[in-house]
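Q: Below is one structure. I have some questions about it.
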Amino acid sequence: MNLKTHYLGLELAHPLVPSASPLSSDIDGIRRLEDAGAPAVVLFSLFEEQINLESRILDHYLAYGTESYAEALSYFPQAEQYHVGPDGYLNLIRLAKERTGIPIIANLNGVSSGGWTRYARMMEEAGADALELNIYYLPTNPDVEGSEIERMYIDVVSEVVASVRIPVAVKVGPYFSSISNMAKRFAHAGAKGLVLFNRFYQPDFDLEALEVKPNLVLSSPHELRLPLHWTAVLYGRVPLDFAITSGVHSHWEVLKALMAGASVAMTASELLAKGLGRIREIVSDLATWMTEHEYESVRQMIGSMSQINVAEPAAFERANYMKVLQSFRPDSTGILV
Amino acid sequence: MTMKNPITIDGNEAAATVAYKTNEVIAIYPITPSSTMAELADQWSAAGKPNLFGVVPLVQEMQSEGGAAGAVHGSLQAGSLTTTFTASQGLLLMIPNMFKIAGELTSTVFHVSARAIAAQGLSIFGDHSDIMAARSTGFAILLSNSVQEAHDFALIAQAATLRARVPFIHAFDGFRTSHEVQKIEMLTDEEIRAMIPEDLVRAHRDRALNPERPVIRGTAQNPDVYFQGRETVNPFYAAAPGIVQQTMDRFAEVTGRRYSLFEYFGDPEAERVLVMMGSGAETAEEAIEALNAQGERVGVIKVRLFRPFSGRDLIAAMPPTVKRVAVLDRTKEPGANGEPLYQDVAAAVLEAVVDGTAPFQGLPRVVGGRYGLGSKEFTPAMVKGVFDELAKPQPKNHFTVGIVDDVANTSIDYDSSWVTEPDDVVKAVFWGLGSDGTVGANKNSIKIIGEETDNFAQGYFVYDSKKSGSVTVSHLRFGPRKIKSTYLLQKADFVAVHQFGLVERYPVLDIARVGATFLLNSPIPADRVWDELPEDVQRQILEKRLRFFTVDAYEVARKTNMGSRINTIMQVAFFALSGVLPRDEAIQKIREAIQKTYGRRGEAVVRQNFAAVDMALDHIHEVRVPQSVTGKPRKALAVSEDAPEFVRTVTTELIAGRGDALPVSKMPVDGTFPTGTAKWEKRNIALEAPVWDENLCIQCGKCSLVCPHSVIRTKIYPEAELAGAPEGFRSAPAKWREYSDRRFTLQLSVEDCTGCGLCVEVCPAKDKANVSRKALQMEPIREIHDREVAFWNFFDRLTEYPKNGSSPKFNTIKNVQLLTPLFEFSGACAGCGETPYVKLVSQLFGDRALIANATGCSSIYGGNLPTTPWTTNKDGRGPAWSNSLFEDNAEFGYGMRLALDHQNAYAKALVAKLRDRIRHDLAERLLADRPAVEEARENVAKLKEILANAVTPEEKDLLQVADALIPRSVWIIGGDGWAYDIGYGGLDHVLASGRNVNVLVLDTEVYSNTGGQASKSTSRGAVAKFAAGGKPAAKKDLGRMAMQYGNVYVAQVAMGASDAQTLRAFLEAEAYDGPSLIIAYAHCIAHGIDMRKGLDQQRLAVECGHWPLYRYNPALAAEGKNPLQIDSKPPSIPYKDYAYNETRYRMLAQSNPDVAAVLLAQAETDARSRYAALQKMAETKESSQ
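Given below as structure tokens:
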């Protein structure tokens, strides 16, 4: 049974990769992931905004209230150095490369065009094997047109690809007028992979306090459908490696992801909820299923149910949508089944 | 002149660098103005910086200066080179050990930034009272006059003590030298090493206690030999001056800088000579230079070594022509025949004349005078005044200079217009606010000029006495020669005003010389700014022909994300206009300084500062000054005519900055001041303030409860009182069932608000149609000021809800907030976490409270002039407040209780005795145990009526002590530095006493007032000064320690987590007839938090288990119940969710993440085990008694 897969030019022992999460926030966590059987690790995101914000916050509070009152001209001792820049993250990449034997995919969430390229180069220099650009932009300004936002995405990818030699994957959300066109343009800009999809921050409301509360919910298997759909549509049509990163909780989702065309399936929610032991369990279930169904390799499976390969391509298009709607029939109690 | 190794630092750092290099153990404790020395030592130690011997000194904070001295003594006895830093009361606490250390001939140097001692009032400022109080300890006393000397003499003292075996105080003037920034030549390690002979270090170590060759030291001696033993040290003291001079000579060989025990400066044939020591001697030199240039023949002897006093060397230093000597002391010794230096000099002169060793003809006339107490300015004009006085046929003796003493007529006159500021010195003055970074920018500028040019540089900074909205004035001098002007600028070439509002409030241009440059940070464009200036400012610009520039620094700051920090922008403007350095070079140096200062805080901060530099130049505009005065007269600083006379005649002068001119007769003789003065100050410092929406408000009182400055008040009153209300005055139907016919108003005193925003954060009432809108909304002050002032004035006249009414009961927040705070408008930090608790005490018990307040933040915002917040109700009753010391507060309050209890017992004895005269029924009521307050007041009033015509001594006595029959509430208030550390021994004793005192610990978990040093309350993993590497030990559990007594009421509260529990605890504590202890979580500026979110942090502290809420009420034990009740749930959030909102924890994670992770995990465990332990106690069926 050959479980190996190739993603961004990296050969991975199997296709289940831990996605960016707090699990990879320190070297011990990364080593635990390796020990648990992860074939590669996508590091937690380096947020350019966070770096800038931390720096400003530190400066603000170290200066706050100082030089105002004769008895207390400051409130904190001076440290020799603060790790508010990307140093900690870069050091983590270095440590991970030194102390683990698996590929390390750095994850960058930038803001400014200078920031994207600067930090990307730093990550490459620190030893990252590949780079995942987590382009997280909430287009809240009604005056900015979609085309402008699309151009911004493409510019980021082009600039970063031009500034590094390691392969670059792009992680985006699904909210484009044409995700297919965007995928093609990403490939044209030099990206090697597409990670589907970024889960946008969707805050909850606290009805008692009448406040907007940040509330991160872990993904659930039904969230697989959207990336599954688009991977199947895009596979073979744009020259990108695909990674599905939402709703992967068991070997079933891994199998579907692979068959849709993903080179890897990524999960964090399942590992956060049930522990790192799930990596080996899922991979074992995957192997068992493949044995039972007489698959020889993962490679054989990738894209096998993509739109270009299924008998009924319309299943992925509008006709399928109508079919699904019509398949609902109320039962005797009037509930849709 | 090019210096070999120039550095621009203040006096504290200058001394500390040498102390650190030459010592192995350093015991520290914070006290202004010496704290910086200890902080630097701790910081260097944490950073692993080695001393001269290649090892990192052990720096240990102690629980008090007494503790530090004890540790120093022990360390010396065990053979290590040991030092400490202190001042004022701190030095006084060290005195017992100093006698021992000196008696044992032990080499050490105590570095002292000399400061006044608290007498009629506390002063944090400089004079020589502290070192004079220590002059009989046997320590040598060596004084530095300047920052360079603080550096040099630290080494000379260290070298001399090793040779002489006499321990040394190395002193320099608090603030004037300790905080003055000067360019100095720094000693190299080689130079230091050359001064510290290895054999003497070894000899010191050889004297150590060592069980390999044991001795006993510190015996008790009997009348037979104690005296002789005391006299054994004489040869050492006789030799010490010579050793110091030899050391100074050696120092001159090593460094080229020459000093002597008594240094004469002036005309070699002077007839009039001053003798003085400390920074004032520098000013004297400057004045003498000018006077002699005018043809006078005068001089000054600078005393370096005050103890052991070498009369022979003094006389040798005097010009033989001297006829008149004025000895100036910077201390006061009431009742003495002159101050110490005067006495020593007079005796030395007399002895020399009598012995026939004097070089001069006849006996010079020696007079003594006092100057500069508590950092009173000492100027060249005063020096001239002293010489003029000496020239009189009968010069005044025991005079004062620098004040007007119209009581004992000690003061001498001087011509304050006599100025000696040298022309070749660039003089610049900067007006700013503490919050805008003005001082920081100026310190940076001095560094740039001092270290990048051949110029000498000096900076001195004046701060006002408030912790919020404080004004700073920076005085900078740059010049080609050594700067001796140890006084504030008197004429400036450059005046910068960094806040437009200051032009309207202060006479900022009085100091400008003709032709000076005036730079104003102005949001009004250069072509329109003229008409907005007050008349006198315009007039001065014209008359003095000033060049006038504006820069809109806030616009630049906004564009470059700098917020309110305009430091970099104003610094660029200064260099661009002053011409101290070529513009391009200056900009380059500023950029380098930014990189150096902010680089470690991250690239983003550096980038935004660079952007501000680049943009600032384009925003500087010269104003084309019209030739006509168009401005309005400046609004005179007016205190209401309703203010009491003292406030109008004295307090107003202090507020206006004219306190220096007040004569002695205006000051209370015994430090007793009227209360209720803060309300007259009207500081108007907020930029925005909350406005009440009566339709949204649910009248819960939370905003009023948490308001740190007592500016939000609530009243319920009959509707009829609304007659005559100003238009728009807001009210709503009162939401009290029993008062539904009344109106409710929540009103803000906008002129006293600091704009902290705590009230808006705590407000739970949101607009259902727009949840971002609350019942309190911040609005720009300029739009609401006049209206709200009128509203407040009307509101103030509405009926106060009577405290003695039967309803409502004051057991809910809503009801308690109807009570007038008797603590209002303090100068505490905006958003202070302590003051709401203090205010609550004042509301609940203020009309019958005596308050003993430990020194610290609460004594400063509670008792620092010019105005104080403790006030009275409409009946004239209110808290009677006093501050004794830092270390004795529990005992101080306890003493009050003892007196009250005794007076009560005495009054009762007299009532019993005079029962027939009083009437039996009244006597019975007066004799009742624990009477209700209002009832007791009525009874005492009746008693006083009856005794109005008291005749017998017993009747007269009863009349005098009758007030003691009204229950008194004694509150002992202080911070954690007091309760956990320096005052713990006393607190423990008082709690154990069983007497009815109430202790309120305002727990900020650091020494807030002195700038955030760690106390034993500081929690594990927090970074604080003296715990620069993160505090490794767990927080002391003061509450549980107190519970062990069984008869102490103990509560731990956090208003932001549960205001109801807080209120309950305060009521129970006061009701408990025994000692009670309330430990209140107070968020603090020293935590490095957004102060608006302080209450949220309190809640998170509780939720993570760091701060469990509980009440331990021994009264319950008497009922067979468990006295401990836990009022908060078990830890429910990760510790980091609380901790990492605060810079004090986060900065460790950013500077040393590995250590931070370990300490965070331990702190989390601490929190959980603390809760578990409480839970176990609370679950125990039997009472713990």
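Taken in order, these protein sequences are the chains called A and B.
Numbering-wise (our numbering), the first sequence opens with residue 6 and increments by one.
Numbering-wise (our numbering), the second sequence opens with residue 52 and increments by one.
Yeah, the Cβ is synthetic: ideal placement off N, Cα and C, and Gly gets one too.
Just so we're clear, the structure is a prediction, and the values are computed from it rather than from any experiment.
I need the boundaries of the alpha helix (DSSP H) containing residue 1143(B), first residue and last residue.
A: Per DSSP, residue 1143(B) lies in no alpha helix (DSSP H) segment and is marked neither H nor E.
Q: Within 10 angstroms of the Cβ of residue 217(A), are there 16 or more other Cβ atoms? Answer buried if so, exposed if not.
A: exposed
Q: Grouping DSSP H, G and I as helix and E and B as strand, with all else coil, what is residue 1163(B)?
A: strand
Q: Is there a Cβ from chain C that is less than 7 Å from the Cβ of residue 64(A)?
A: The question asks about chain C, but that chain is absent: this structure's protein chains are A and B.
Q: Please classify residue 1(A): does DSSP put it in a helix, a strand, or coil?
A: In the structure displayed, chain A extends from 6 to 342; residue 1(A) sits before or after that span and is not available.
Q: Assign residue 180(A) to one of two classes, buried (16 or more other C-beta atoms within 10 Å of its C-beta) or exposed (fewer than that).
A: exposed
Q: If we define contact as Cβ-Cβ less than 7 Å, is residue 470(B) a contact residue for chain A?
A: no
Q: Closer than 7 Å, Cβ to any Cβ of chain A: which residues of the region 870-884 of chain B, in chain order?
A: 880
Q: With residue 105(A) and residue 39(A) assumed to form a contact (beta carbons below 8 Å), what rounded beta-carbon distance in angstroms separates them?
A: 5 Å
Q: List, in order along the chain, the chain A residues whose C-beta lies closer than 8 Å to that of residue 94(B)?
A: 82, 83
Q: Looking at residue 924(B): is its Cβ nearer than 7 Å to the Cβ of residue 898(B)?
A: yes
Q: Once the 5 residues before and after residue 828(B) are set aside, which same chain residues still bring their CB inside 8 Å of it?
A: Correct list, in chain order: 741, 742, 744, 811.
Q: Look at the alpha carbon of residue 88(B) and the alpha carbon of residue 381(B), and state the distance between them as a whole number of angstroms.
A: 23 Å
Q: My assumption, with CB atoms under 8 Å, is that residue 13(A) sits in contact with residue 197(A). Please give the rounded CB distance.
A: 5 Å
Q: At 4 residues or longer, what runs of the alpha helix (DSSP H) sit wholly inside the region 403-460 of chain B?
A: 431-442
Q: Taking 6 Å as the limit between beta carbons, can you name the residues of its chain near residue 434(B), skipping five residues before and five after?
A: Counting only residues of its own chain and dropping the five nearest sequence neighbours on each side, residue 434(B) has a CB closer than 6 Å to the CB of 335, 338.
Q: Please report the straight-line C-alpha distance between residue 428(B) and residue 539(B), rounded to a whole angstrom.
A: So the alpha carbons of these two residues sit roughly 8 Å apart.
Q: To the nearest angstrom, how far is the alpha carbon of residue 159(B) from that of residue 77(B)?
A: 11 Å
Q: On the three-pair Cβ rule with 8 Å, is the region 576-585 of chain B touching the region 653-660 of chain B?
A: no
Q: Using a C-beta cutoff of 7 Å, does residue 654(B) count as contacting chain A?
A: Judged by the 7 Å Cβ criterion, residue 654(B) is in contact with chain A.
Q: Going by C-alpha to C-alpha distance, which of 125(A), 56(A), 315(A), 82(A) sits closest to residue 68(A)?
A: Put simply, of 125(A), 56(A), 315(A), 82(A) the residue whose alpha carbon is nearest the alpha carbon of residue 68(A) is 82(A).
Q: Out of 271(A), 124(A), 86(A), 22(A), state which residue places its alpha-carbon closest to the alpha-carbon of residue 168(A).
A: Measuring from the Cα of residue 168(A), the nearest candidate turns out to be 124(A).
Q: Using a beta-carbon distance cut-off of less than 9 Å, what residues from the region 1190-1215 of chain B approach chain A?
A: 1193, 1194, 1195, 1197, 1198, 1199, 1200, 1201, 1202, 1203, 1204, 1208
Q: Measuring alpha carbon to alpha carbon, tell me which residue in 403(B), 264(B), 266(B), 281(B) is nearest residue 272(B).
A: 281(B)
Q: For residue 751(B), which of 712(B), 826(B), 739(B) has the nearest alpha-carbon?
A: 826(B)
Q: For residue 1259(B) and residue 193(B), I'd like the C-alpha separation in whole angstroms.
A: The structure shown has nothing for residue 1259(B), since chain B only spans 52 to 1236.
Q: Can you find the residues in the same chain that come closer than 6 Å, C-beta to C-beta, to residue 132(B), ignoring five residues on each side of it along the sequence?
A: 74, 75
Q: Under the DSSP definition of a beta bridge, which residues are partnered with residue 118(B)?
A: In DSSP, residue 118(B) forms no bridge with anything.
Q: Figure out for me which residue from 1062(B), 805(B), 1051(B), 179(B) has the closest Cα to the Cα of residue 944(B).
A: Checked all of 1062(B), 805(B), 1051(B), 179(B); the closest Cα to residue 944(B) is 1051(B).
Q: Give the residues of chain B in contact with residue 101(A), contact being defined as C-beta atoms less than 9 Å apart.
A: Ordered by position in chain B, no residue passes the 9 Å Cβ test against residue 101(A), which lies about 16 Å from the chain.
Q: Looking at chain B, is there any beta carbon in it that lies within less than 7 Å of the beta carbon of residue 72(A)?
A: yes
Q: For my contact list, residue 981(B) and residue 1017(B) are in at a C-beta cut-off of 8 Å; report their separation, rounded to the angstrom.
A: Residue 981(B) to residue 1017(B), Cβ: 12 Å. No contact.
Q: Could you name each continuous beta strand (DSSP E) segment of 3 residues or more that falls completely within the region 511-588 of chain B, going from the start of the chain to the end?
A: 522-530, 543-548, 563-572
Q: Using DSSP with H/G/I as helix, E/B as strand and the rest coil, what is residue 987(B)?
A: helix
Q: Give the residues of chain A in contact with residue 1136(B), contact being defined as C-beta atoms less than 9 Å apart.
A: 69, 70, 77, 80
Q: Please confirm whether residue 98(B) has its beta-carbon closer than 7 Å to some beta-carbon of chain A.
A: yes
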